[in-house]
Amino acid sequence: MVRTAGPEGKGSGAAEDQCPGTAGMRRVGPWDGGDKDTSAEDSKNRDVVVPVANCGIQEYNSNPKEHMPLQDYIAYWQEYIQRGGSSPRGCLYLKDWHLCRGSPAEDLEDVFTLPAYFSSDWLNEFSDALGVDDYRFVYAGPRGTWSPFHADIFRSYSWSVNICGRKKWLLFPPGQEEALRDNHGTLPYDVTSSTLMDTHLHPTHLPSSPALEVVQEAGEMLFVPSGWHHQVHNLDDTISINHNWVNGCNLANMWHFLQQELQAVQREVGQWKDSMPDWHHHCQVIMRSCSGINFEEFYHFLKVIAERRLLVLGQGEQGELGPSAGLGLGLQQAAFDIGRLAEVLASVVEHPDFQRVDTSMFSPQPWELLRQLEDALVATRAL
Ligand SMILES: O=C(O)CCC(=O)C(=O)O
Ligand SMILES: [Fe+2]
Numbered sequence: 001m002v003r004t005a006g007p008e009g010k011g012s013g014a015a016e017d018q019c020p021g022t023a024g025m026r027r028v029g030p031w032d033g034g035d036k037d038t039s040a041e042d043s044k045n046r047d048v049v050v051p052v053a054n055c056g057i058q059e060y061n062s063n064p065k066e067h068m069p070l071q072d073y074i075a076y077w078q079e080y081i082q083r084g085g086s087s088p089r090g091c092l093y094l095k096d097w098h099l100c101r102g103s104p105a106e107d108l109e110d111v112f113t114l115p116a117y118f119s120s121d122w123l124n125e126f127s128d129a130l131g132v133d134d135y136r137f138v139y140a141g142p143r144g145t146w147s148p149f150h151a152d153i154f155r156s157y158s159w160s161v162n163i164c165g166r167k168k169w170l171l172f173p174p175g176q177e178e179a180l181r182d183n184h185g186t187l188p189y190d191v192t193s194s195t196l197m198d199t200h201l202h203p204t205h206l207p208s209s210p211a212l213e214v215v216q217e218a219g220e221m222l223f224v225p226s227g228w229h230h231q232v233h234n235l236d237d238t239i240s241i242n243h244n245w246v247n248g249c250n251l252a253n254m255w256h257f258l259q260q261e262l263q264a265v266q267r268e269v270g271q272w273k274d275s276m277p278d279w280h281h282h283c284q285v286i287m288r289s290c291s292g293i294n295f296e297e298f299y300h301f302l303k304v305i306a307e308r309r310l311l312v313l314g315q316g317e318q319g320e321l322g323p324s325a326g327l328g329l330g331l332q333q334a335a336f337d338i339g340r341l342a343e344v345l346a347s348v349v350e351h352p353d354f355q356r357v358d359t360s361m362f363s364p365q366p367w368e369l370l371r372q373l374e375d376a377l378v379a380t381r382a383l
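Just so it is clear: in the sequence shown, position 362 is 362 by UniProt numbering, and no numbers are missing.
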């Protein structure tokens, strides 16, 4: 785990102990207290509608979510504290709030400063380029709110910074989750549940390989590697910023995950393979709805990221590289990225299920893009 001070640094005194209304979240807004007059901004932010999960109700391996005005959530939270940590409305957790997407700020840097280690972030680069949902989230909730056991979307990395409060993370290295499955093969909702000790229900559970437990303090950042399952508990009233991200270092993990997802869909609907025309196409449609992406969209993702790097390298070769072609990318970074993109794209174009996708309208054609990437690599090595 990498730990480092968060954007606001560590230790802003009493503000850390109490979130609603007093947090040290300087420029983000909604809870920003302090001396300056923030009333106009506050009232604008309080109109924002935010997603809220009910941590007390299990719905499959997650919690049901509703949307409510931020000001209602803050009122709920204040009341929850006044009642000593309970509410007739249950234990509500504001989570997966796309604060940046909803922000009027032109630039992410106007909302908060992205740590340099995490700046190569293709998921958010892609969603920004398309103007669609990003993978930048705010989590905020009272002590006792929690996130059930899961691995992150597309086997991405994630990072989390506590603006205030503390989180307890229960982390399992890739593969270790297998021992936690129940006798139907289902992963647990809550790894702290005593039902895991029932050897009939969980025949492969090994109490000898417990979770890696990490307490993330206020102002600390935690990095979750690809494919690590985790469960997270807020030990105090806590506000955090969390991003999911993919880059050249975990792109192959994402591609591996997508192949597994397709195989899982194909197994589920295997009985209709021979009787259903377009069965392969339907598998891609189902995959998209279950996993959020299919092979066609993955190609599109690779293409958008690749073309931006090809542009940087092309401009670099012609000596035209101003401030990294406006992408914040250096030549070496672009060349590294292209190497990783070429490796994964080579595997994608060879994949029988990708070969079944109708690519006739794709521009460039996948083979052509792969050739461009390989040519760019050769040219870079010659420099
Ligand atoms: O903070 C939480 O409740 C969950 C965070 C999480 O799962 C993540 O950042 O990947
Ligand atoms: Fe997560």
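Each residue gets a CB set at the ideal place from its N, CA and C atoms; glycine is no exception.
| said: Closest to Gly248 by C-alpha separation, out of Val357, Ile241, His230, Ser226, would be which residue? | reply: Ser226
| Per DSSP, which one or two residues make a beta bridge with Asn234? | Lys167
| Thinking C-alpha only, which one of Phe257, Pro174, His243 is nearest Thr113? | His243
| message | If I follow the unbroken beta strand (DSSP E) through Glu220, where does it start and stop? | response | 220-224
| Straight-line Cα distance separating Gly185 from Trp159 | 29 Å
| task | Reducing DSSP to helix, strand and coil, say where Met276 ends up. | result | coil
| said: My assumption, with CB atoms under 8 Å, is that Thr195 sits in contact with Cys55. Please give the rounded CB distance. | reply: In fact, because the Cβ distance is near 18 Å, the residues do not count as touching under 8 Å.
| Euclidean distance between Cα positions of Gly102 and Lys303 | 27 Å
| message | Which of the three DSSP states is assigned to Val378 in this structure? | response | helix
| request: Classify residue 388 as helix, strand or coil using the three-state DSSP reduction. | output: Since the first residue shown for the chain is 1 and the last is 383, residue 388 is missing from the structure and cannot be characterised.
| task | Could you tell me if Thr192 is buried or exposed, where buried requires 16 or more neighbouring beta carbons within 10 angstroms of its beta carbon? | result | exposed
| said: Taking 7 Å as the cut-off, is the beta-carbon of Tyr139 closer than that to any non-hydrogen atom of ligand 4? | reply: Absent from the structure shown: ligand 4. Ligands present: ligand 1 and ligand 2.
| request: Alpha carbon to alpha carbon, how far is His98 from Tyr135? Give it in angstroms, no decimals. | output: 8 Å
| field | Three-state secondary structure assigned by DSSP to Val132 | value | coil
| message | If contacts are defined as beta-carbon pairs under 8 Å, then Phe172 and Ala211 qualify, I think. What distance do you get, rounded to the angstrom? | response | 6 Å
| query | Are the Cβ atoms of Leu94 and Val52 separated by less than 8 Å? | reply | yes
| request: Compute the minimum distance between the beta carbon of His150 and the heavy atoms of ligand 2, and state whether it is under 7 Å. | output: yes
| request: Please report how far the alpha carbon of Pro30 lies from the alpha carbon of Asp198, in whole angstroms. | output: For Pro30, the predicted structure reports a pLDDT of 40, less than 50, and the residue's modelled location is therefore unreliable. A value from the coordinates is still provided. Approximately 45 Å, taken between the alpha carbons.
| CB Ala218 to CB Gly141, shorter than 8 Å? | no
| message | Please report the straight-line C-alpha distance between Leu370 and Leu345, rounded to a whole angstrom. | response | 6 Å
| message | I'd like to check one pair, Phe118 with Trp245: are the Cβ atoms closer than 8 Å? | response | yes
| said: So if DSSP puts Met68 in a beta bridge, which residue, or which two residues, is it bridged to? | reply: Val50
| Which one of Arg309, Gln78, Tyr157, Leu187 has the shortest CA to CA distance from Tyr60? | Leu187
| request: Taking the CB atoms as reference points, tell me whether Asp338 and Ala306 lie closer together than 8 Å. | output: In the sequence under discussion, the amino acid at residue 338 is Ile, which differs from the Asp named in the question. It is a contact, given that the beta carbons lie within the stated cut-off.
| request: Can you say whether Pro366 is buried or exposed, counting buried as having 16 or more other CB atoms within 10 angstroms of its CB? | output: buried
| field | Beta-bridge pairing of Gly141 - partner residues as DSSP gives them | value | Thr238
| query | Counting along the chain, where does the beta strand (DSSP E) carrying Ser147 start and finish? | reply | 146-150
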